[in-house]
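So the sequence shown is numbered by this note's numbering: it starts at 108 and just counts up by one.
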Amino acid sequence: MTSTADHTQQTEEAEEARKSEVAAPPPGPDTGSGAWDDGLIARRAAGAAPAGQPAVPALPAPYTGRTAPDADGADDDLTARLDALRELTGLSRPRVDAATLAEAGRVLDDAAARRRLSRRHTVVALAGATGSGKSTLFNTLAGVTISDTGVRRPTTSAALACSWTDGAAGLLDRLEIPGRLRRRPVQGPDGPGPLDGLVLIDLPDHDSAAVEHRAQVDRILAHVDAVIWVVDPEKYGDALLHERYLRPMAGHAEVTFVVLNQVDRLPEDAADQVLDDLRRLLDEDGIALGEHGEPGATVLALSALTGDGVGELRDCLGQLTSERRAAARRIAADLDAAADRLRPAYVPTGRVGLSEEAREEFADRLAEAVGAAAAGQAAERAWRRNAGRACGTPWLRLWRWYEARRAPQTAERPPGDTPDGEATTARQRVEQAVRVVADEAASGLPTPWADAVREAAGRGADGLPEALDALTAPEPAPARPPRPGWWPVAVLAQVSMTLLQLLGGIWLLGQVLGVFAPDLLPPVLLMLAGILGGPCVEYGSRLAARGPARRYGADAERALRDAAAGCGRARVLDPVAAELLRYREVREQYARVLDPVGGGGARGRAGGRQGVRVTELSTTGR
108 MTSTADHTQQ TEEAEEARKS EVAAPPPGPD TGSGAWDDGL IARRAAGAAP AGQPAVPALP
168 APYTGRTAPD ADGADDDLTA RLDALRELTG LSRPRVDAAT LAEAGRVLDD AAARRRLSRR
228 HTVVALAGAT GSGKSTLFNT LAGVTISDTG VRRPTTSAAL ACSWTDGAAG LLDRLEIPGR
288 LRRRPVQGPD GPGPLDGLVL IDLPDHDSAA VEHRAQVDRI LAHVDAVIWV VDPEKYGDAL
348 LHERYLRPMA GHAEVTFVVL NQVDRLPEDA ADQVLDDLRR LLDEDGIALG EHGEPGATVL
408 ALSALTGDGV GELRDCLGQL TSERRAAARR IAADLDAAAD RLRPAYVPTG RVGLSEEARE
468 EFADRLAEAV GAAAAGQAAE RAWRRNAGRA CGTPWLRLWR WYEARRAPQT AERPPGDTPD
528 GEATTARQRV EQAVRVVADE AASGLPTPWA DAVREAAGRG ADGLPEALDA LTAPEPAPAR
588 PPRPGWWPVA VLAQVSMTLL QLLGGIWLLG QVLGVFAPDL LPPVLLMLAG ILGGPCVEYG
648 SRLAARGPAR RYGADAERAL RDAAAGCGRA RVLDPVAAEL LRYREVREQY ARVLDPVGGG
708 GARGRAGGRQ GVRVTELSTT GR
């Protein structure tokens with residue numbers, strides 16, 4: 108372990124080296140506890156480097172500053188996408204399970220950690236299978252033998268880092284690469300040149316028999332900005348490479364290099380055929396190839412042993428590091444991958460929301476449950492009965508009263524008392540109505556949100572039957588039934604007909620008794636007028652009462668229906684609408700995660716997969 112004094116001394120030496128713009132830190136004696144001391148540094152400091160082998164300088168002390176963020180639109184889009192994903196996870200946490208959101212949380216944490224560190228550096232990993240020659244390529248790019256090569260397998264047992272410029276210590280700490288495995292390449296008098304900012308990582312074999320080696324590869328690959336996959340003519344089609352790494356990371360094509368190494372072992376025609384077959388396999392993996400100016404993976408053929416094609420790879424790396432966009436592209440690709448995994452939780456399978464027909468059907472079911480139609484019919488009959496009592500003939504009313512007194516008295520049900528069977532049926536109708544409207548609202552929604560909608564409807568349905576029962580509780584009967592303006596006229600007409608009958612009867616009786624002169628025709632005509640006029644007035648009143656009675660019953664039915672619908676809306680539809688509104692908010696955030704500018708702008712690509720998905724999301728979810 109490095110002591111505090113040694114670390115402080117190295118930090119001061121590194122600061123002095125940066126101020127004087129010296130590429131390598133000043134040499135010093137090996138204390139046996141230096142942060143970069145692995146033997147090579149000691150030999151360099153002592154001036155005892157092996158003959159023919161350049162000295163390998165050590166990395167400077169950890170970089171504590173931070174470069175200014177990019178000011179272009181692409182960086183703004185990336186920030187907007189990260190903010191949208193953060194907002195998305197916050198809104199979704201009560202509805203979507205933690206396991207589904209874990210990948211999004213990891214992407215947010217990794218993006219925040221990477222953006223806090225130096226943006227002028229580009230971390231590139233060299234990955235490959237056993238014997239692919241990645242360590243040889245690593246040494247060739249560095250211009251010095253840093254990584255051990257040989258026939259022993261696996262040769263590379265731990266990740267080795269080589270940084271062309273200062274300030275990469277924070278990035279390497281994030282990759283958990285110890286100080287003794289950090290190196291500096293051989294540089295000319297002009298400094299790092301086109302590879303300014305490059306941090307190259309030589310990884311262990313991804314197919315190593317040692318489990319800890321594979322775990323180290325997976326851990327570092329999750330945090331680097333770009334990857335160079337080194338394959339050889341014998342194992343370029345290895346299923347482990349394609350199924351475990353290339354295919355799952357097909358969306359990271361813009362930060363992926365696939366290098367066919369050891370082409371010096373093949374004739375020229377065979378090398379072209381192998382390279383074409385490699386491109387075919389990559390295309391089957393879903394990896395876009397960066398050809399004809401299109402963004403995608405870079406595929407090269409080279410020989411690390413002879414140096415053929417290495418210059419082209421160095422030029423590609425120089426362009427990658429000079430753009431300083433690899434880290435942003437990696438984060439964007441991670442966002443795309445996270446959005447793909449979150450897709451089942453946010454993208455609807457059909458039209459979303461409650462239609463007006465579904466709302467009307469729900470109101471109809473509740474109205475049926477509370478007996479709104481029966482209540483309206485009862486009100487209509489009551490109005491007609493009142494009209495008949497008010498406008499009927501007195502003799503008929505007297506007869507009805509007498510028949511009612513003679514009829515056996517039946518036990519009437521107390522007001523508001525409902526038989527158990529009817530109460531059970533009404534409750535079942537309410538529960539069925541809630542289930543139907545909940546299924547309609549959840550139709551087309553992703554599973555987490557469909558479950559949330561059904562739960563919201565279920566919570567509202569708990570007290571809904573009791574609330575509906577309160578609506579149907581009997582109210583005190585009004586002191587006087589509603590009376591239209593023509594009722595007094597009909598009553599006066601009935602009184603007049605009765606008086607005519609009485610007058611004719613008295614007159615006729617008087618003639619019989621000799622009080623009046625005998626003349627039967629006038630009293631008989633008066634009696635017939637009264638006897639026939641009374642039923643005619645009553646029949647006319649019935650005809651006149653039909654319309655008002657029907658309207659009165661319809662008003663009563665509508666009032667009870669509206670009250671039931673309002674109760675159902677407050678307890679069921681409003682909570683369901685709140686869940687649908689919440690889903691609309693997260694769906695909009697998910698669309699911003701896919702593309703903050705709707706498929707265009709800085710990130711828009713013709714025919715891009717994410718642009719298609721944004722279009723699909725906007726057309727299917729309404």
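Glycine residues also receive a C-beta, built at the ideal position from the N, C-alpha and C atoms. This structure is a prediction, so every number in the text was calculated from the model and none was measured.
Which listed residue (Arg458, Arg221, Leu628, Gly611) has its alpha carbon closest to that of arginine 691: Arg458
Straight-line gap, alanine 220 to alanine 434 (C-alpha atoms, nearest Å): 11 angstroms
Three-way DSSP call (helix, strand, coil) for serine 410 in this model: coil
Just tell me which of Glu419, Arg491, Gly478, Leu620 has its CA closest to the CA of leucine 667. Gly478
Measuring alpha carbon to alpha carbon, tell me which residue in Ala563, Leu267, Ala445 is nearest proline 86. With the chain covering 108 to 729 only, the question about residue 86 has no answer from this structure.
Could you pull out every unbroken beta strand (DSSP E) segment of at least 3 residues lying fully inside the segment 310 to 371, listed in chain order? 333 to 338, 363 to 367
Beta-ladder partner(s) of valine 306, from DSSP: Val230, Ser270
Using DSSP with H/G/I as helix, E/B as strand and the rest coil, what is glycine 235? strand
Nearest-angstrom Cα distance between glutamine 696 and tyrosine 343? 40 angstroms
Is it buried or exposed for leucine 609, if we count other Cβ within 10 angstroms and need 16 for buried? exposed
In whole angstroms, give me the CA-to-CA distance for alanine 629 and alanine 474. Note that residue 629 is proline in the sequence shown, not alanine. Their Cα atoms are separated by approximately 59 angstroms.
Can the beta-carbon of valine 537 be found closer than 9 angstroms to that of leucine 578? no
Residue from Arg534, Ser270, Ala677, Ala452 whose Cα sits closest to the Cα of aspartate 309: Ser270
Proximity winner among Arg289, Leu278, Pro555, relative to alanine 265 (alpha-carbon distances): Arg289
Could you give the distance in angstroms between the alpha-carbon of alanine 191 and the alpha-carbon of aspartate 182? 14 angstroms
Run of the alpha helix (DSSP H) containing leucine 427, from where it starts to where it stops: 417 to 430
Going by the CB atoms, is the gap between valine 683 and alanine 548 shorter than 9 angstroms? yes
Glutamine 294, enclosing alpha helix (DSSP H) - first and last residue: Looking at the DSSP string, glutamine 294 is not in any alpha helix (DSSP H), and its letter there is neither H nor E.
Using three-state DSSP, classify alanine 404 as helix, strand or coil. strand
Could you tell me whether the segment 357 to 369 touches the segment 234 to 249, using the rule of 3 or more Cβ pairs below 8 angstroms? yes
Counting only the same chain and skipping the five closest in sequence on each side, list residues whose C-beta sits under 6 angstroms from that of threonine 456. Gly551
Can you tell me whether leucine 305 is buried or exposed? The criterion is at least 16 other CB atoms within 10 Å of its CB, across all chains shown. buried
Keeping to the same chain, check which residues put their C-beta closer than 7 angstroms to that of alanine 408; ignore five residues upstream and five downstream. Leu367, Val370, Ala378, Leu382, Gly416
Arginine 202 (DSSP reduced to helix, strand or coil): coil
Grab the span of the alpha helix (DSSP H) containing leucine 687 for me, first residue to last. 681 to 701
Host alpha helix (DSSP H) of arginine 287 (start-end): No alpha helix (DSSP H) holds arginine 287; DSSP gives it neither H nor E.
Quick check on the DSSP output: the alpha helix (DSSP H) that includes phenylalanine 245 runs from which residue to which? 241 to 249
Local Cβ density within 10 Å of glutamine 535, reported as buried at 16 or more and exposed below that: exposed
Output the distance between the C-alpha atoms of glycine 393 and alanine 232, rounded to the nearest integer angstrom. 21 angstroms
Report the CB separation of arginine 227 from arginine 431 in whole angstroms; it is logged as a contact under 8 angstroms. 6 angstroms
Within 10 angstroms of its Cβ, does glutamine 539 collect 16 or more other Cβ (buried), or is it exposed? exposed
Using 9 angstroms as the threshold, is the C-beta distance between alanine 329 and alanine 357 below it? no
For the alpha helix (DSSP H) containing alanine 435, name the first residue and the last one. 433 to 453
Would you mind reading off the limits of the alpha helix (DSSP H) that contains phenylalanine 469? 463 to 477
Check whether the Cβ atoms of aspartate 339 and arginine 437 lie closer than 9 angstroms to each other. no
Where does glutamine 426 land, buried or exposed, given buried means 16+ other C-beta within 10 angstroms? exposed
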